[in-house]
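**Q** Handing you a structure now.
Protein chains: 2
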Amino acid sequence: MKKLAITGGTHGNELTGVYLVKKWKLNPGLLKRSNFETLCLHTNEQSIKEVRRYIDHDLNRSFGSADLRNETLDTHEAKLAKRLNALLGPKGSHTSNVDFIVDLHTTTANMGLSIVVSNDSALTWKAIAYLCQMEPALNVYRWQGDEEGAFVDSMAPHGFAIEVGAVPQGVLRADLFLQTETLIYHVLDFFEKYNDGQRFTFSKTLEIYDHHSLVDYPRDSEGDIMVMVHHERQDKDFDLIKSGDPLFLTFDGEVVLYEGETLCTIFINEAAYYEKGFAMCLARKITFELKE
Amino acid sequence: MKKLAITGGTHGNELTGVYLVKKWKLNPGLLKRSNFETLCLHTNEQSIKEVRRYIDHDLNRSFGSADLRNETLDTHEAKLAKRLNALLGPKGSHTSNVDFIVDLHTTTANMGLSIVVSNDSALTWKAIAYLCQMEPALNVYRWQGDEEGAFVDSMAPHGFAIEVGAVPQGVLRADLFLQTETLIYHVLDFFEKYNDGQRFTFSKTLEIYDHHSLVDYPRDSEGDIMVMVHHERQDKDFDLIKSGDPLFLTFDGEVVLYEGETLCTIFINEAAYYEKGFAMCLARKITFELKE
C-alpha cells in the first residue's frame, strides 16, 4: 500500500464527506502516516457548490469501463470521471496512481455506519475485517451497484464506499461526521500496521449483507410512485423482512405486503433512489469467509 | 368562511404536500364539506417536477406586497407569485378569492407536527385552538418569517402553514403523510362546525412558541459554515436552551456554548436554511390569549 485516496463530495449534497475533506485539506497532518501517502480530494466541486447530487448525471455511476473509454460522452460528470480516472486510476491498471479509494457518502436511509463494497480483493476485505473489529456496529453491504462496476472506488484496485445515515441531503449532522471521521482514522491505522507487516488476529469470517435484488415502488403510467414505504418498514435498515410483513402503503391507506423469501432491507427510502427506480435493496445476511 | 385553499408543493422537494394534493385532486370528495368550498392545488409545478425547493428563488418568500406590485421582477417564482395572487388573493383585499390558506410543508428539523403562523386574525387562531384540542401534540410557532409577510398563506386574510418533520428533502414518510392528512381533515371539520354556528369549548389560552431571533452558524470569509449543530442540540426542537448548553461543534471538535437568555430552539439544522443564513430559530414559550 503506497497511496490511499479519500474522496468526498462525489454527491455535492452529502455534506459529511464534503466537510471532512475540507477539514483534512486544512489539516493534512491528521491523515499523515509513517509508511504510505494519503490523497484527499473533492471529486465534484461544481455539485458541491450547487449543493446538488450531480450536475448532469450521477458521478458515482460514471466509472463503467465502457463509459470511461467512450470519447463521445461530454456531460459534466462524464468528463469529470475521465479526469478523475487519469488522476486516481486508470481503472483496471496494475500501475494505477492510487492503490485504495475510500469514497465518503451519506444516505437518507437509517443505515448507521456502513460500508458498501463491490471489490473482492483480499486487501479490501482485510481492511474491512479490521474496521469491523474496531467498530462492531459497522454494517457491511456487498453490492455491485444498480449499474455494475461504475462506482468512484472502482478506479483503484482496492477500496469501498462509506455510507452513513440517516441524514437529509444538504444537512451536516455532527454525530455522523464524528463517526465517519473516526472510521477513517481506523482505516489509516490499519494500513500503517499492514505496511509494517503486523499480523492481525481477527476471525476468518464476517457477518455481512450480500446483495439480492432491488424493490421498486409500484408506479403509475407516468412513472410516478403510487405508494409510500410503509411506516413499519421505514428506518428498518438491515432488519429482516418476511412474507406478509407490511412493505408499502398506498395513498388511500391500503397496505401492500411483502411476498418472497426472508431477506434484509437496506437503503430504505433513500431520496436519491426515487429517480433510479427503487424503494429499497434486499440482501441476504451471510457469513463471509476472508481470503488469506 | 366561503372558500379554503390547501396548497402543496410550494417547495418541490417537500413531498408530503405534493402527494397529499395529488391524492385529493384524484379524490375531491375527501375535501367536500357541506357549507364551504375547498380548492386544492400545487403551487410550484416546475419545482415539483425537478424535485427542487425552487427554480430561481424561494416561492414562500415571494409574497411581500412590494414584490407583488413590482412589475420588473421576472424570475420564475416572482411571476408565479403574481399568478397565484390573482387566483387566491389579491393579498390585502377584503374581497380576496379565498378566505383561508393552509400551505403544506415539511422540514428536515425534528419538529413533529407543527403550525407556523404569521396571521393574527381571530379566525386563524380559533382554527388553531381547535386543532390543538384535537391534536394535543401539535406545536404552534408564531413567526413572521425571515422576510416578513412574504409567505404563501399571506395572500388570504386568514391562514397558516403546516410544517412536519423530520423528513429529508425528496423523501415521503408515511407517518408524517398520515399525520398531515389527519390534521387537514380536522381543519375541514372545524370550518364546517364554525359555519354551522357551533360554539366551541376550548380554553381561552394556548401555549405557543413566539419567535425571538435567528441564530446563524459562525462562517468563514467565504460565507461557508465553520461549525455544525452540536449533537446534543440536534433534534431538540421546541426544547429549552440555556446559557452554557452546547450549541455548535467546530470541525476541530471545539464546543461552542450558547450564551443568552433561556429560550426554545426551533427549525434546528433545516437543510434549506443553510443558504438563508441561520442554523436555528429561537422562540419564547408563552401563554397566548385568544381573542373572542
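For the record, the sequence lines run as chains A and B. Note that our numbering numbers the first sequence so that position 142 is 142, with each residue one more than the last. Note that our numbering numbers the second sequence so that position 159 is 1159, with each residue one more than the last. Think of the CB as a built atom: it goes at the ideal place given N, C-alpha and C, for glycine as much as any other residue.
Identify whether I128 (chain A) lies in helix, strand or coil by the three-state DSSP scheme.
**A** Residue mapping note: residue 128 (chain A) aligns to position 128 of the first sequence, counting from 1. Residue state, collapsed to three classes: helix.
**Q** What does DSSP give as the partner residues of K1285 (chain B) in its beta bridges?
**A** Counting from one through the second sequence, the residue named residue 1285 (chain B) turns up at place 285. B:Y1209, per the DSSP bridge assignment.
**Q** Give me the residue from B:L1290, B:F1100, B:D1235 with the minimum Cα distance to K1003 (chain B).
**A** Along the second sequence, one-based indexing puts residue 1003 (chain B) at 3. Of B:L1290, B:F1100, B:D1235, the residue nearest in Cα terms is B:F1100.
**Q** Consider the Cβ of A319 (chain A): report whether some Cβ of chain B lies at a distance smaller than 7 Å.
**A** Shown here, chain A extends from 1 to 292; a query on residue 319 (chain A) therefore has no answer.
**Q** For S34 (chain A), which residues in the same chain have their Cβ closer than 7 Å to its Cβ, ignoring the five residues on either side in sequence?
**A** Looking up residue 34 (chain A) in the first sequence gives position 34. Here the set comprises E192.
**Q** Report yes or no: is there a C-beta of chain B within less than 7 Å of the C-beta of V171 (chain A)?
**A** In the first sequence, counting from the first residue as 1, residue 171 (chain A) sits at position 171. Judged by the 7 Å Cβ criterion, V171 (chain A) is in contact with chain B.
**Q** I think W125 (chain A) touches K285 (chain A), with their Cβ atoms under 8 Å apart; what is that distance to the nearest whole Å?
**A** One-based indexing of the first sequence puts residue 125 (chain A) at position 125. One-based indexing of the first sequence puts residue 285 (chain A) at position 285. Rounded, the Cβ-Cβ distance is 17 Å, inconsistent with contact.
**Q** Quickly, what does DSSP pair T106 (chain A) with across the bridge? List them, please.
**A** Here residue 106 (chain A) refers to the residue found at position 106 when the first sequence is read from its first residue. Its beta-bridge partners are A:V164.
**Q** Assuming contact is defined by CB atoms lying nearer than 7 Å, are E1042 (chain B) and G1008 (chain B) in contact in what I supplied?
**A** Taking the first residue of the second sequence as 1, we reach residue 1042 (chain B) at position 42. Taking the first residue of the second sequence as 1, we reach residue 1008 (chain B) at position 8. Note that residue 1042 (chain B) is His in the sequence shown, not Glu. Yes. Within cutoff.
**Q** Should V152 (chain A) and T10 (chain A) be called a contact, given that it needs their Cβ atoms to be closer than 7 Å?
**A** Translated into positions along the first sequence, residue 152 (chain A) becomes position 152. Translated into positions along the first sequence, residue 10 (chain A) becomes position 10. Yes; because the gap between Cβ atoms is below 7 Å, this pair is in contact.
**Q** Identify which residue in A:A78, A:I208, A:F288 has its Cα closest to the Cα of V116 (chain A).
**A** Along the first sequence, read from residue 1 onward, the residue named residue 116 (chain A) stands at position 116. It is A:I208.
**Q** Is K23 (chain A) close to chain B, meaning its C-beta is less than 7 Å from at least one C-beta of that chain?
**A** Mapped onto the first sequence, residue 23 (chain A) falls at position 23. Chain B, which has a Cβ nearer than 7 Å to the Cβ of K23 (chain A), makes this yes.
**Q** Measuring CA to CA, which of A:T265, A:L214, A:D252 is closest to E232 (chain A)?
**A** Within the first sequence, residue 232 (chain A) is the residue found at index 232, counting from 1. The residue with the shortest Cα to Cα distance from E232 (chain A) is A:T265.
**Q** Nearest to G1277 (chain B) by alpha carbon, out of B:T1287, B:S1213, B:E1254?
**A** Numbered from 1 along the second sequence, position 277 holds the residue referred to as residue 1277 (chain B). Of the candidates B:T1287, B:S1213, B:E1254, the one whose C-alpha sits nearest the C-alpha of G1277 (chain B) is B:S1213.
**Q** Find the nearest neighbour of A78 (chain A) within the set A:D175, A:G64, A:A5, judged by alpha-carbon distance.
**A** By 1-based counting over the first sequence, the position of residue 78 (chain A) is 78. Nearest C-alpha to A78 (chain A): A:G64.
**Q** For the beta strand (DSSP E) that contains F248 (chain A), what are its first and last residues?
**A** Position 248 of the first sequence, counted from the start, is the residue given in the question as residue 248 (chain A). Run containing F248 (chain A): 246 to 250, per the beta strand (DSSP E) assignment.
**Q** Are the CB atoms of G89 (chain A) and I48 (chain A) nearer to each other than 7 Å?
**A** Taking the first sequence and counting its residues from 1, the one referred to as residue 89 (chain A) is at position 89. Taking the first sequence and counting its residues from 1, the one referred to as residue 48 (chain A) is at position 48. Result no, Cβ atoms of G89 (chain A) and I48 (chain A) do not sit closer than 7 Å.
**Q** Any Cβ of chain B within less than 7 Å of the Cβ of N269 (chain A)?
**A** On the first sequence, position 269 is the one that residue 269 (chain A) refers to. Yes, contact with chain B.
**Q** If we count the other Cβ atoms within 10 Å of its Cβ and call it buried at 16 or more, is Y185 (chain A) buried or exposed?
**A** Stepping through the first sequence from its first residue, residue 185 (chain A) is reached at position 185. By the neighbour-count rule (16 or more Cβ atoms within 10 Å), Y185 (chain A) is not buried but exposed.
**Q** Which word fits N1070 (chain B), buried or exposed, when buried means at least 16 other C-beta atoms lie within 10 angstroms of its C-beta?
**A** Numbered from 1 along the second sequence, position 70 holds the residue referred to as residue 1070 (chain B). Result: exposed.
**Q** Output the distance between the C-alpha atoms of N300 (chain A) and I1055 (chain B), rounded to the nearest integer angstrom.
**A** Any answer about residue 300 (chain A) is impossible in this case: the structure gives chain A only from 1 up to 292.
**Q** Are the Cβ atoms of L1249 (chain B) and V1255 (chain B) separated by less than 7 Å?
**A** On the second sequence, position 249 is the one that residue 1249 (chain B) refers to. On the second sequence, position 255 is the one that residue 1255 (chain B) refers to. Contact: yes.
**Q** Less than 7 Å between the beta carbons of A272 (chain A) and L206 (chain A), yes or no?
**A** Looking up residue 272 (chain A) in the first sequence gives position 272. Looking up residue 206 (chain A) in the first sequence gives position 206. No. Outside cutoff.
**Q** Exposed or buried, which one is D94 (chain A) when buried takes at least 16 other CB atoms within 10 Å?
**A** Counted from its first residue, the first sequence places residue 94 (chain A) at position 94. Here the sequence assigns His to residue 94 (chain A), which means Asp is not the residue at that position. By the 10 Å Cβ count, H94 (chain A) comes out exposed.
**Q** Would you identify the three-state DSSP class for N958 (chain B), choosing helix, strand or coil?
**A** This structure cannot speak to residue 958 (chain B), because chain B is shown only from 1001 to 1292.
**Q** Show which residues of chain A have a CB atom less than 7 Å away from the CB atom of D1058 (chain B).
**A** Reading the second sequence from its first residue, position 58 is the one you call residue 1058 (chain B). Those do not exist, as D1058 (chain B) stays about 14 Å from chain A at its closest Cβ, beyond 7 Å.
**Q** Which residues in chain A sit within 8 Å of P952 (chain B), going by Cβ to Cβ distance?
**A** Lying before the first or after the last residue shown, residue 952 (chain B) is absent from chain B, which here runs from 1001 to 1292.
**Q** Does the beta carbon of L1249 (chain B) come closer than 7 Å to any beta carbon on chain A?
**A** Working through the second sequence from its first residue, we reach residue 1249 (chain B) at position 249. It does: the Cβ of L1249 (chain B) has a partner Cβ on chain A nearer than 7 Å.
**Q** Considering only the beta carbon of each residue, do H1105 (chain B) and A1161 (chain B) sit closer than 7 Å?
**A** On the second sequence, position 105 is the one that residue 1105 (chain B) refers to. On the second sequence, position 161 is the one that residue 1161 (chain B) refers to. Yes, they are a contact pair.
**Q** For D1235 (chain B) versus N1110 (chain B), is the C-beta spacing smaller than 7 Å?
**A** For the purposes of this step, residue 1235 (chain B) is taken as residue 235 along the second sequence, with counting starting at 1. For the purposes of this step, residue 1110 (chain B) is taken as residue 110 along the second sequence, with counting starting at 1. A contact, by the Cβ cut-off of 7 Å.
**Q** Output the distance between the C-alpha atoms of V102 (chain A) and Q144 (chain A), rounded to the nearest integer angstrom.
**A** The residue you call residue 102 (chain A) lines up with position 102 of the first sequence. The residue you call residue 144 (chain A) lines up with position 144 of the first sequence. Rounded to whole angstroms, V102 (chain A) to Q144 (chain A) spans 15 Å at the Cα level.
**Q** Measuring straight from C-alpha to C-alpha, what distance separates F82 (chain A) and S154 (chain A)?
**A** Translated into positions along the first sequence, residue 82 (chain A) becomes position 82. Translated into positions along the first sequence, residue 154 (chain A) becomes position 154. Per the sequence shown, residue 82 (chain A) should be read as Lys rather than Phe. Those two C-alpha atoms are separated by around 13 Å.
**Q** With H, G and I counted as helix, E and B as strand and the rest as coil, what does DSSP make of E37 (chain A)?
**A** To locate residue 37 (chain A), count along the first sequence from 1; it is residue 37. The answer is strand: DSSP assigns E37 (chain A) an E or B state.
**Q** Can you list the residues of chain B that A174 (chain A) reaches, using a CB-CB cut of under 7 Å?
**A** For this step, residue 174 (chain A) is matched to residue 174 along the first sequence. Those are M1228, V1229, H1230, H1231, Q1234, L1249, listed as they occur along chain B.
**Q** Throw me the rounded Cβ distance for the L1188 (chain B) and M228 (chain A) pair, which I believe falls under 8 Å.
**A** On the second sequence, position 188 is the one that residue 1188 (chain B) refers to. On the first sequence, position 228 is the one that residue 228 (chain A) refers to. Their Cβ separation, rounded to whole angstroms, is 22 Å, which puts L1188 (chain B) and M228 (chain A) out of contact at 8 Å.
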